[in-house]
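Engineer: Submitted below is the structure of interest, expressed as structure tokens.
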């Protein structure tokens, strides 16, 4: 695609179609909840229009306003911020029970909450997570179809492209968003399907190998053993909801991912990209694990936010996701730092602190939280991704009999 | 004020201050609910910021999106549209119970729902009104402080000023909005307070006269007797909530208003301005009343929407408000048709079909709906204003002893 002649409006409808037809597979009578930053209102309207065109019977649009949220954090007492009204929880559960599909549009000012009292931000998020625990658990267990996609908005675009004027930055970010989902290929739907097939091939290999653990090494100093629970499942981009309907949870998605054994992680891991936590950047950090738990950590910037993540609860000190991403993906090749997990996580191997996806264990979606923990799956109110891969990342899989298989070499899959 | 050099940003903060300080009297610890069209987001943010500055302890912003609403009306079944989820009602009641103050920002595309199936619009609005009956009743009885104000948005501004390009139309509409609340006077707060005093003087006169009925005549053909219930109260711009706090419910407000006797209206009344009902215009219509009830009507355009209003319920066929507005008010003098009741009602004497304000009867806010009806106060799920005054309007008040007092002459107050 020639960027010079690129017009956003020539591709928006294709993008929305890719999301709703291939991502969420919207069909007659479906209910759809759209969660969208207020700055991407036109995009929300376009998604709504297209969803009805595809047969949706009800669409609910929820706008999020970070400027209002920031004013709340700055001016409201902790009592007010942590008092989550019942009607708010009821609303989320209401559409979940009706098996609505969820389209979450990401697009946020990476600096939205910069300088906001970290303690207040943390306790307020925690109260929200607690109130919505059941809702989030159902979402993560794929009770319904859900997808996270990006939309270009001025505050985000000018952060990613600080040298461009606003309109041009927004256009450029749309270009990168479209590129990341292969929208410029001749047949984007086919390109996406092929890509999903590839990821499924990697997953199949990893699942059949029945590794006991993965060993990570990199020039930056990472030296980490990541144990895997018995019956682990690496999943690709494709998911299946509780009614057996397929969906793609992230667009873009370049990862295959599973769950580490909650007590099986040992060693040291270095971050390779900044972590954006509620608009605050945590940069150049490392974590040291012993028997699954973080026992030491440091960061060149934003250490207090890292502390807040780890302090969320017991589970926040342990890993809940292990994700493998080749260094040579379309996103990674563009060398753009998006300050947004959806994109940056697809540029690099990563882990997440916090809750595991129950679907990453055989039969996991039918187990209680206690049963999941007994089988090595982590539980927490949080789930925060952080990037650890670079062009020197080597990963070796070790089977129960001691056999070693090279999975990553110089940052890329070699299977 | 010289329009040529007028800059919106020079007056926005003054306007917001007038609303929050004089209109709602925001003080330490107040809760505030802001209901705002999504196109006026910047205005909502400014109101939120200022509310906290004045001490508000919590601000909740609810955005309304007419584009999404229209798509809903066009695509969702009546079953879906009329099924109002409990959490939605709970939310409204929650903040009402907490005695939040309500700031409703009007600013809507007059053509937003043009062409939408009238039946669907009607039944869907009816379901909503029924679900929120308790909430609305409390609002109308001034249980809490509330205010309706305007904000200029493109779709509205270009309808009012079709010959101006978008940006200029928005600027011009802001100018008219500011002018309507006397913001260009040297001391707008004092100007507003003086104006409210004037309206209170009219109210006092009308209340002390204890009229039995008002007789309306105009060149257009209006010839109508409007009976008043015993103990009627004409209210001016100033109101008092259930905690004794003063507020101003409409800004601008040029009216003094009360409730007609539900069975005491006889004769024929002609509209003098189009009525915008959910984005549909009802033009050049008349109503014929017998013993309070509409027994005949016609309209040159939009008759089906007029029919829908009247068919809402029994009370929708009777009057619930009688409002006196001089023809020579700042709004009226500008000769701008706003296609918006908040403004157009202040350019003209008007009535409303539907529910009366309980506060328009002595002790009314403590009476049940049945008790209110026994005393002549109308009840309904709806309340729709329509304009009847012009420069020829004459109004005579008739006392119980037959004494006649001229109240309006050639469109203006003469008391």
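Chains as they are written, first to last, in this note's numbering: chain S, 1282 to 1696; chain Z, 1282 to 1696.
Using N, Cα and C, we set each Cβ at its ideal position, and we do this for glycine too.
Please read these numbers as outputs of a predicted model, since none were measured by experiment.
#1: Going along chain Z, which residues have a C-beta under 7 angstroms from residue 1375 of chain S?
#2: Anything in chain Z within Cβ reach of residue 1358 of chain S, meaning under 9 angstroms, just list it in chain order.
#3: Return yes when the Cβ of residue 1628 of chain Z is within less than 8 angstroms of the Cβ of residue 1602 of chain Z, no when it is not.
#4: Given that residue 1372 of chain Z touches chain S, what residues does it touch there, using C-beta distances under 8 angstroms?
#5: Which ranges would you report for the beta strand (DSSP E) in the region 1285-1362 of chain Z if only whole runs of at least 3 residues count?
#6: Below 8 angstroms CB to CB, which residues in the same chain sit around residue 1261 of chain Z once its five sequence neighbours on both sides are set aside?
#7: Under the three-state reduction of DSSP, which class applies to residue 1622 of chain S: helix, strand or coil?
#8: Would you mind stating whether residue 1630 of chain Z and residue 1540 of chain Z have Cβ atoms separated by less than 8 angstroms?
#9: Which residue wins for smallest C-alpha separation from residue 1649 of chain S, given the options S/1415, S/1321, S/1396, S/1553?
#10: For the alpha helix (DSSP H) that residue 1586 of chain S lies in, which residues bound it at each end?
#11: Tell me the DSSP secondary structure of residue 1505 of chain Z in three-state form.
#12: Mind listing the chain C neighbours of residue 1344 of chain Z? Cutoff is C-beta to C-beta under 8 angstroms, in chain order.
#13: By a C-beta neighbour count over all protein chains shown, 10 Å radius and 16 as the cutoff for buried, is residue 1464 of chain Z buried or exposed?
#14: Give me the Cβ distance between residue 1318 of chain S and residue 1388 of chain S, rounded to the nearest whole Å; I'm assuming they're in contact under 8 angstroms.
#15: Could you give the distance in angstroms between the alpha-carbon of residue 1329 of chain S and the alpha-carbon of residue 1470 of chain S?
#16: Pick from S/1512, S/1426, S/1505, S/1651: whose alpha carbon is nearest that of residue 1525 of chain S?
#17: Could you work out which residues of chain S lie near residue 1349 of chain Z, taking near to mean beta carbons separated by less than 8 angstroms?
#18: For residue 1563 of chain Z, which residues of its own chain have a beta-carbon under 6 angstroms away from its beta-carbon, when the five flanking residues on both sides are left out?
#19: For the structure I just gave you, are there three or more beta carbon pairs, one from the region 1331-1350 of chain S and one from the region 1300-1307 of chain Z, closer than 8 angstroms?
#20: For residue 1316 of chain Z, return the contacting residues in chain S, with the cut-off set at a CB-CB distance below 7 angstroms.
#21: What are the boundary residues of the beta strand (DSSP E) that residue 1666 of chain S is part of?
#22: What do you get for residue 1660 of chain S, buried or exposed, if any count of 16 or more other CB atoms within 10 angstroms of its CB means buried?
#23: Taking the continuous beta strand (DSSP E) assigned at residue 1612 of chain S, which residues delimit it?
#24: Where does residue 1571 of chain S land, buried or exposed, given buried means 16+ other C-beta within 10 angstroms?
#25: With 8 angstroms set as the bound, which would you pick, yes or no: does the beta-carbon of residue 1354 of chain Z sit closer than that to a beta-carbon of chain S?
#26: Going by DSSP in three states, residue 1535 of chain Z sits in which element: helix, strand or coil?
#27: Within 8 angstroms of any Cβ in chain S, is that where the Cβ of residue 1322 of chain Z sits?
#28: On a CA-only basis, which of S/1404, S/1424, S/1351 is nearest residue 1365 of chain S? Give me that one, please.
#29: 8 angstroms is my cut-off, CB to CB: does residue 1361 of chain Z come that close to chain S?
#30: Tell me the rounded alpha-carbon separation between residue 1296 of chain Z and residue 1542 of chain Z.
#31: Shortest alpha-carbon distance to residue 1453 of chain Z belongs to which of Z/1283, Z/1395, Z/1394, Z/1667?
#32: For a contact defined as C-beta to C-beta under 7 angstroms, what are the partners of residue 1383 of chain S on chain Z?
#33: When the cut-off is 8 angstroms and only beta carbons count, does residue 1624 of chain Z lie next to chain S?
#34: Applying the criterion that 16 or more other CB atoms from any shown protein chain within 10 Å of the CB defines a buried residue, is residue 1500 of chain S buried or exposed?
#35: To the nearest angstrom, report how far apart residue 1428 of chain Z and residue 1383 of chain Z are at their CA atoms.
#36: Under 8 angstroms, do residue 1423 of chain S and residue 1521 of chain S count as touching if we go by C-beta distance?
Structural biologist: The answer reads as follows:
#1: Numbered from its first residue, the first chain carries residue 1375 of chain S at position 94. Ordered by position in chain Z, the residues that pass the 7 angstroms Cβ test against residue 1375 of chain S are 1366, 1368.
#2: Here residue 1358 of chain S is taken as the residue at index 77 of the first chain, counted from 1. Residues of chain Z passing the Cβ test: 1338, 1339.
#3: Reading the second chain from its first residue, position 321 is the one you call residue 1602 of chain Z. Reading the second chain from its first residue, position 347 is the one you call residue 1628 of chain Z. No, the Cβ-Cβ distance between residue 1602 of chain Z and residue 1628 of chain Z is not below 8 angstroms.
#4: The sequence position of residue 1372 of chain Z within the second chain is 91, counting from 1. By Cβ distance, chain S contributes 1366, 1368, 1369, 1372.
#5: Complete beta strand (DSSP E) runs here, min 3: 1312-1318, 1339-1345.
#6: It is not possible to answer for residue 1261 of chain Z, since the shown part of chain Z is limited to 1282 through 1696.
#7: Here residue 1622 of chain S corresponds to residue number 341 of the first chain, with the count starting at 1. In the three-state reduction of the DSSP assignment, residue 1622 of chain S falls in the helix class, which pools H, G and I.
#8: Position 349 of the second chain holds residue 1630 of chain Z. Position 259 of the second chain holds residue 1540 of chain Z. Not a contact, by the Cβ cut-off of 8 angstroms.
#9: Taking the first residue of the first chain as position 1, residue 1649 of chain S is located at position 368. Looking at the Cα atoms, S/1415 is the closest of the given residues.
#10: If you number the first chain from 1, residue 1586 of chain S lands on position 305. First-last of the alpha helix (DSSP H) with residue 1586 of chain S: 1584-1592.
#11: For the purposes of this step, residue 1505 of chain Z is taken as the residue at position 224 of the second chain. Three-state DSSP puts residue 1505 of chain Z in a strand.
#12: The displayed structure is made up of protein chains S and Z, and chain C is not among them.
#13: Here residue 1464 of chain Z is taken as the residue at index 183 of the second chain, counted from 1. Burial call: buried.
#14: For this step, residue 1318 of chain S is matched to residue 37 along the first chain. For this step, residue 1388 of chain S is matched to residue 107 along the first chain. About 5 angstroms; that satisfies the 8 angstroms criterion.
#15: Residue numbering aside, residue 1329 of chain S sits at position 48 when the first chain is read from its first letter. Residue numbering aside, residue 1470 of chain S sits at position 189 when the first chain is read from its first letter. Approximately 20 angstroms between the Cα atoms of the pair.
#16: As a first step, residue 1525 of chain S must be located in the first chain, where it is residue number 244. Nearest C-alpha to residue 1525 of chain S: S/1426.
#17: On the second chain, position 68 is the one that residue 1349 of chain Z refers to. Result: 1325, 1326, 1329, 1340, 1342.
#18: Numbered from 1 along the second chain, position 282 holds the residue referred to as residue 1563 of chain Z. For residue 1563 of chain Z, where only same-chain residues beyond five positions count, the Cβ hits under 6 angstroms are 1556, 1580, 1583, 1586, 1587.
#19: no
#20: Along the second chain, read from residue 1 onward, the residue named residue 1316 of chain Z stands at position 35. None at all; the shortest Cβ gap to chain S is about 13 angstroms.
#21: Numbered from 1 along the first chain, position 385 holds the residue referred to as residue 1666 of chain S. Where residue 1666 of chain S is concerned, the enclosing beta strand (DSSP E) stretches over 1664-1668.
#22: As a working note, residue 1660 of chain S is residue 379 in the first chain. Classification of residue 1660 of chain S: buried, given that the 10 Å Cβ count is 16 or more.
#23: Here the question's residue 1612 of chain S lines up with position 331 in the first chain. Taken as a continuous stretch (DSSP letters only), residue 1612 of chain S belongs to no beta strand (DSSP E), being part of the alpha helix (DSSP H) at 1611-1615.
#24: As a position in the first chain, residue 1571 of chain S is number 290, starting the count at 1. Per the 10 Å Cβ criterion, exposed.
#25: Here residue 1354 of chain Z refers to the residue found at position 73 when the second chain is read from its first residue. No, no contact with chain S.
#26: Here residue 1535 of chain Z corresponds to residue number 254 of the second chain, with the count starting at 1. Correct three-state label for residue 1535 of chain Z: coil.
#27: Residue mapping note: residue 1322 of chain Z aligns to position 41 of the second chain, counting from 1. So, interface residue.
#28: To locate residue 1365 of chain S, count along the first chain from 1; it is residue 84. The shortest C-alpha separation from residue 1365 of chain S is found at S/1404.
#29: Your numbering for residue 1361 of chain Z matches position 80 in the second chain. Taking Cβ atoms only, chain S reaches closer than 8 angstroms to residue 1361 of chain Z, which makes this a yes.
#30: The sequence position of residue 1296 of chain Z within the second chain is 15, counting from 1. The sequence position of residue 1542 of chain Z within the second chain is 261, counting from 1. Taking the straight line from one Cα to the other gives about 37 angstroms.
#31: If you number the second chain from 1, residue 1453 of chain Z lands on position 172. When each option's Cα is compared against that of residue 1453 of chain Z, the closest is Z/1283.
#32: Taking the first chain and counting its residues from 1, the one referred to as residue 1383 of chain S is at position 102. None at all; the shortest Cβ gap to chain Z is about 17 angstroms.
#33: Working through the second chain from its first residue, we reach residue 1624 of chain Z at position 343. Judged by the 8 angstroms Cβ criterion, residue 1624 of chain Z is not in contact with chain S.
#34: Walking along the first chain from the start, residue 1500 of chain S turns up at place 219. Residue 1500 of chain S comes out exposed.
#35: For the purposes of this step, residue 1428 of chain Z is taken as residue 147 along the second chain, with counting starting at 1. For the purposes of this step, residue 1383 of chain Z is taken as residue 102 along the second chain, with counting starting at 1. One C-alpha to the other measures close to 6 angstroms.
#36: The sequence position of residue 1423 of chain S within the first chain is 142, counting from 1. The sequence position of residue 1521 of chain S within the first chain is 240, counting from 1. A contact, by the Cβ cut-off of 8 angstroms.
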